[in-house]
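A.B. asks: One gets the working numbering by counting positions in the sequence shown from 1 and adding 81 to each.
Input: one structure, supplied below.
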Amino acid sequence: MLMPDENPIIDAEKSKAEEGAVKPLKAVKKMVKKKEDVEHKVNNEKKEEEVLKKMFKEAEEVKTEKAPKKTLRVMVGEGLSGYVIINDADAGELGVYEGAIVEFEDPLSGAGGVALVHLDKNVPVGTAVIEPALSEACGLDEGFEIDMKRFEGSPQKLTKISFGIEPLEGEAEEAIKRVMDSKKEFQDWLDGRVIFKDWVLKNPKLNVNVYIVSTEPPLTGRQVGIINFAEIKEYEIKPWRAAVPFNAILLIDVSRSMLTEDMKVTNIAPAVEAIKTIGGEEIPEVKEFLEQFQEGKSIKRVAGAVFAALLYLVEKVGRGYGEKVAIITYSEDAEPITFLMTGGIKLPYFHPGKSKMAGVSQLSRLIIDRLNRISSQHTNMSQALMKALELIEIWSKEDEEKKIPTMVVLLSDGFPDLWGEEGPPVQVVHDHFSGRNDVVIYTVGIGGDVQERIMEAIASKGRGVYFKADDLGDLLNWYQRLARDLVVRLEV
């Protein structure tokens, strides 16, 4: 029995209506909850981002915080080997320790430098003891006040250094020889010094200024490096902004393997232009010779060698110093090319002062003619080196007062398989060239069969460099550089 206010149909409908109203409400609550979660997550991320920004800012402030600076008075002292000596108390204020790098400058002129620091309690507080060479290079006299601070940064690990040598008086070649004769003293004087891009220092004992020409890796901006001959092993010296006259002997392999047609012609335009500058292209023989070189094609190895020798000769003529150039071809035997000089005189070398351009016109024809007469596959480098030695002795007597050095350039595509009593080529260089300070030997390899270890050993004992030419452009560029500059490599 139903009560008056009870109606199953109405109640069912009402229940459905209430249920339908609850569902949207739950969905809304769910959406609100989701929104709150998202906002909470975003807020947390913002807080984390702000924390990170603060951390980075603090780290950057620490990183860029200026090192403490202190004013010290200069005292000049001998025998410091490039170090600056300060009192322990001053070092404590600067925050530096024994062996650290400091930088210093005159606040008035801006002149200054960098150096390793020694600590010594006997040095008066407020004083920096600097050697004469360093104080002079930095423009700092006794009694000057300098601002010193810890150098911020790490020294570069140097693997190679090229030094420029400038004579304070006399000729550049004499200065180079003085350094070579006093190699150990030169190294001891440099060892442990801090250097940078435009570094220069006077060596009063050798009467030269020493510059940094280049380093590996290069020093740029405020980067510094420490000279450490225990790690560098070898270095180069060369004249600083001075053209040093030097004679040259080119040793060219003309064994039958040099007829192999695998040298690719690339980037020869600079070499051709160099020949044009002195009118070489107007010489019929030279013009005809150059016509065979077409970009992208492959030519015989010997043709590339002749082109390189021709370019070397042209560069020497262009320098205008009257330097002598000999060319010795070798296979089973070695024989110098004889040049016809002005006046009908024949000489086993080319002399620009006596022959003008005559030697240039003869060169390609003479070498090619000699190759056509040779059928040997043998490579007698030792005899070629001994022939070069004979010429060097002749030149030394002719120019005894001038003492002009000689560059020997040995080119080959194979390996030495023939020699006489003089022994293999590395022994020849060791016995007859290593002790001389007037000769530098460079070696050049072409082709895929060259014995690079032998070529490297010859160059090393001859204080030169071995170069592997992959194409004609490489070969020409290297010979052009060699003709312009005499660089001596010294082993530690």
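For glycine and all other residues, C-beta sits at the position ideal for the given N, C-alpha and C.
Let me make sure I understand the geometry here. Which of G193, L200, T423, G158 has the alpha-carbon closest to that of K175?
C.D. replies: Going by the sequence as given, residue 175 is Leu instead of Lys. Checked all of G193, L200, T423, G158; the closest Cα to L175 is L200.
A.B. asks: May I have the straight-line CA-CA distance separating L466 from P365, to the nearest angstrom?
C.D. replies: If I take the Cα positions, the gap works out to 33 Å.
A.B. asks: To the nearest angstrom, how far is it from the Cα of W559 to the Cα of V165?
C.D. replies: So the alpha carbons of these two residues sit roughly 42 Å apart.
A.B. asks: Would you say E416 faces chain D, with C-beta separation under 7 Å as the test?
C.D. replies: This model lacks chain D altogether; it includes just one protein chain.
A.B. asks: Consult DSSP for V398 and reduce its assignment to one of helix, strand or coil.
C.D. replies: Helix, per DSSP.
A.B. asks: State the Cα-Cα distance for the pair W321 and Y402, rounded to the nearest angstrom.
C.D. replies: Cα to Cα, the separation comes out at about 18 Å.
A.B. asks: Can you tell me where the alpha helix (DSSP H) with K549 in it begins and where it stops?
C.D. replies: Per DSSP, K549 belongs to no alpha helix (DSSP H); it is in the beta strand (DSSP E), 547 to 549.
A.B. asks: Bridge partners for H199 per DSSP, in chain order?
C.D. replies: BP columns for H199 point to I166.
A.B. asks: For the segment 298 to 362, list the beta strand (DSSP E) runs that are entirely contained and at least 3 residues long, ordered along the chain.
C.D. replies: Those beta strand (DSSP E) runs which fall completely within the segment 298 to 362 and span 3+ residues are 315 to 320, 328 to 334, 342 to 345.
A.B. asks: Among residues of its own chain, excluding the 5 on either side of D272, which ones have a beta-carbon nearer than 8 Å to its beta-carbon?
C.D. replies: Closer than 8 Å at Cβ, skipping near neighbours: S162, I308, N309, F310.
A.B. asks: Report the start-end ranges of each beta strand (DSSP E) in the segment 488 to 539 that is 3 residues or longer and not cut off at the edges.
C.D. replies: For the segment 488 to 539, whole beta strand (DSSP E) runs of length 3 or above, ordered along the chain, are 520 to 526.
A.B. asks: If contacts are defined as beta-carbon pairs under 8 Å, then G207 and D169 qualify, I think. What distance do you get, rounded to the angstrom?
C.D. replies: Not really, about 13 Å apart at Cβ, beyond 8 Å.
A.B. asks: Just list the residues that DSSP pairs A407 with in beta bridges.
C.D. replies: Partner(s): I330.
A.B. asks: Going by DSSP in three states, K144 sits in which element: helix, strand or coil?
C.D. replies: Residue placement at K144 is poorly supported in this model, since its pLDDT is 44, which falls under 50; the coordinates still yield a value, given next. Note: K144 maps to helix in three-state DSSP.
A.B. asks: Quick test of the definition: if touching needs 3 or more C-beta pairs under 8 Å, does the segment 328 to 347 touch the segment 255 to 266?
C.D. replies: No: fewer than three Cβ pairs fall under 8 Å.
A.B. asks: So the candidates are S190, P486, L492, E217; which of them puts its Cα closest to the Cα of A514?
C.D. replies: Checking the sequence shown, residue 514 turns out to be Phe, not Ala. The residue with the shortest Cα to Cα distance from F514 is P486.
A.B. asks: Go ahead and pull the three-state DSSP assignment for M467.
C.D. replies: Helix at M467.
A.B. asks: Go through its chain and collect everything with a Cβ distance to V325's Cβ below 6 Å, but skip five positions before and after it.
C.D. replies: Counting only Cβ-Cβ distances below 6 Å, and skipping sequence neighbours, we find A253, E254, L567.
A.B. asks: How many Å lie between E519 and A209 at the Cα?
C.D. replies: At residue 519 the sequence reads Asp, which differs from the Glu that was named. D519 and A209: Cα-Cα distance of roughly 42 Å.
A.B. asks: Since I believe Q304 is in contact with F267 (beta carbons under 8 Å), could you give me their beta-carbon distance rounded to a whole number of angstroms?
C.D. replies: Not confirmed; about 24 Å, so no contact.
A.B. asks: How many angstroms separate the CA atom of A415 from the CA atom of L492?
C.D. replies: One C-alpha to the other measures close to 13 Å.
A.B. asks: In whole angstroms, give me the CA-to-CA distance for M229 and N288.
C.D. replies: Rounded to whole angstroms, M229 to N288 spans 30 Å at the Cα level.
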